[in-house]
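Asks: What follows is a structure written as structure tokens; I'll ask about it next.
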Amino acid sequence: MFGSNPSMSCVVITFRHADVNEEIFRLQRLVETLQDRNATLELQVGCDLVNNADPC
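In the numbering used here, each residue's number is its place in the sequence shown (first place is 1) plus 2.
Right under this line is the structure:
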């Protein structure tokens with residue numbers, strides 16, 4: 003969990019158009035590319051369309 007490790011960061015991205023699935027696919031590809039360069043990353047995808055709750 004991001005909040006339990008002070009050396010990790012959490013980035014929240016808000017999509018403002020309908021094709022969220024396409025944007026999530028692009029983010030997954032970006033994470034894979036960065037992981038190939040020895041970056042330690044984890045993509046956690048969550049949706050809260052009602053309250054816009056902070057996933058961290």
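Cβ atoms here follow ideal geometry from the backbone N, Cα and C, with glycine treated the same way.
Rounding to the nearest angstrom, what Cα-Cα distance links F27 and V33 in this structure?
Replies: Against the sequence shown, residue 27 aligns to sequence position 25. Against the sequence shown, residue 33 aligns to sequence position 31. Looking at the two C-alpha atoms, the distance is approximately 10 angstroms.
Asks: Just how far apart, CA to CA, sit V1 and N40?
Replies: Residue 1 lies beyond the residue range present for the chain, which begins at 3 and ends at 58; the question has no answer from this structure.
Asks: For V22, name the three-state secondary structure that DSSP assigns.
Replies: Within the sequence shown, numbered from 1, the residue matching residue 22 stands at position 20. Three-state DSSP puts V22 in a helix.
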